[in-house]
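Residue numbers (my numbering): 689 to 1044.
Rendered as structure tokens:
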């Protein structure tokens, strides 16, 4: 197995909180507090998954080719599904109590249970649970099903670096071409379909995962580059300054600039994983260990916090947002310890029983 990069988990948790903040205001009609491009955090998640999972596949020396897909699928399923199933059941109960059993169609229930809502095109409109954990679960759906097909190819090419790079670059190019040519709303597309065959969310998934695979290949080439610590720190500071400039120049005023975000995510991951600058090194402190673990829980439980605020009829202000984020973090810690972590452990036990 490859190296685990704690700094990447810190960034993932920070971006999960950014998504939670963006939805807190945007879902309640306030679009002037958090930049609208907060949704691009999901594309960072895809790129990061591509990087981490490509490393895992390439460095897995013990994997029997006969059982790779089964083991990979089980790992992803037990990583993603236990917490998702919990919030799905809570969401359906809330929807049924508030709107009645007919509020959600059988097709929506079936696709949600099977975690297919992110890959099956749906141009019929926004489902009633769009601003719930099930609605944002479209990206979890992509993480599961698109990963299965993409990393099957990565596994076949894992010993052929040039072909792996070519396949990843071609996937990035094709995905970008489809997005640029046909996307109805630049990068902010999820379940809308392309020719009723593939969702744009799935295309975003292929784009991000392939960009992550390329990032891993670049990391393998760059990790031995000899630069002093202060030089890496200068690069990190320059990157931090560059991000708002890019946003102001492209994303805010010319939304087609959203297409460059996977490249920004790639650069960010490379800087953090090389881990030779002051900023990236500071992310590896043991004091942040709890925070590094809860990004997925933050992402899935934060709509529950928004639902709570709505039920209490509290105002959506900067002060209430701070309390809301505190509440989300507490819920995420509980969800991680009681549901997410035991689910991962159960998956590992089953893998050890059936594949050893």
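No residue lacks a Cβ here, since even glycine has one placed at the ideal position from N, Cα and C.
Item: Anyone know if the C-beta pair for residue 732 and residue 703 falls short of 7 Å?; Value: yes
Item: If you compare alpha carbons, which of 700, 744, 739 and 737 is closest to residue 726?; Value: 700
Item: With 7 Å as the threshold, decide whether the Cβ of residue 797 is near any Cβ in chain C.; Value: Among the chains of the structure shown, chain C does not appear; only one protein chain is present.
Item: Grouping DSSP H, G and I as helix and E and B as strand, with all else coil, what is residue 881?; Value: strand
Item: Using the three-state DSSP reduction, which class does residue 886 fall into: helix, strand or coil?; Value: strand
Item: Is the CB-CB distance between residue 998 and residue 697 below 7 Å?; Value: no
Item: Quick check: the stretch 771-779 against the stretch 1017-1036, are there 3 or more CB pairs under 8 Å?; Value: yes
Item: Can you give the Cα-Cα distance for residue 787 and residue 852, rounded to whole angstroms?; Value: 49 Å
Item: Here's a check: name, in chain order, each residue in its chain whose Cβ is nearer than 7 Å to the Cβ of residue 872, leaving out the five neighbours to either side.; Value: 880
Item: For residue 855, which residues from the same chain have a beta carbon less than 7 Å from its beta carbon, with the 5 sequence-adjacent residues on both sides left out?; Value: 841 and 845
Item: Using the three-state DSSP reduction, which class does residue 911 fall into: helix, strand or coil?; Value: coil
Item: What runs of the alpha helix (DSSP H), each 4 residues or longer, lie entirely inside the stretch 821-889?; Value: 821-824, 826-844 and 849-870
Item: Whole angstroms are fine: how far does the CA of residue 708 sit from the CA of residue 762?; Value: 28 Å
Item: So, helix, strand or coil for residue 721, using DSSP?; Value: coil
Item: Going by alpha carbons, who is nearest to residue 951 out of 883, 864, 882 and 913?; Value: 864
Item: Quick check: the Cα distance between residue 742 and residue 1003, rounded to an integer number of angstroms?; Value: 44 Å
Item: Assuming residue 900 and residue 695 make a contact with CB atoms under 8 Å, what is their CB distance in whole Å?; Value: Not confirmed; about 15 Å, so no contact.
Item: When you compare each of 817, 848 and 799 to residue 830 by their alpha carbons, which one comes out closest?; Value: 799
Item: Mind checking residue 1028: buried by the 16 CB within 10 Å criterion, or exposed?; Value: buried
Item: Just tell me which of 713, 692 and 691 has its CA closest to the CA of residue 1010.; Value: 713
Item: Assuming residue 962 and residue 910 form a contact by the criterion Cβ under 8 Å, report the distance between their Cβ atoms to the nearest whole angstrom.; Value: 7 Å
Item: What is the C-beta distance between residue 647 and residue 944, in whole angstroms, given that I count them as a contact (C-beta under 8 Å)?; Value: In this structure the chain extends from 689 to 1044, so residue 647 is not present and cannot be described.
Item: Which residue's Cα is closest to the Cα of residue 770: 1012, 1013 and 984?; Value: 984
Item: Give the straight-line distance between the Cα atoms of residue 721 and residue 1008, rounded to the nearest whole angstrom.; Value: 13 Å
Item: So, are the CB atoms of residue 791 and residue 801 less than 7 Å apart?; Value: no
Item: Let's see if you can read the secondary structure: which residues bound the alpha helix (DSSP H) around residue 978?; Value: 977-980
Item: State the DSSP-derived secondary structure class of residue 1001, mapped to helix, strand or coil.; Value: coil
Item: Identify whether residue 698 lies in helix, strand or coil by the three-state DSSP scheme.; Value: helix
Item: State the start and end residues of the unbroken alpha helix (DSSP H) segment that holds residue 1030.; Value: 1029-1042
Item: Using CA atoms only, rank isn't needed, just tell me which of 832, 1006, 969 and 1019 is closest to residue 991.; Value: 1019
Item: Please determine, among 857, 804 and 838, the residue with the shortest C-alpha to C-alpha distance to residue 822.; Value: 804
Item: Relative to the C-alpha of residue 888, which residue among 834, 920 and 925 is closest?; Value: 834
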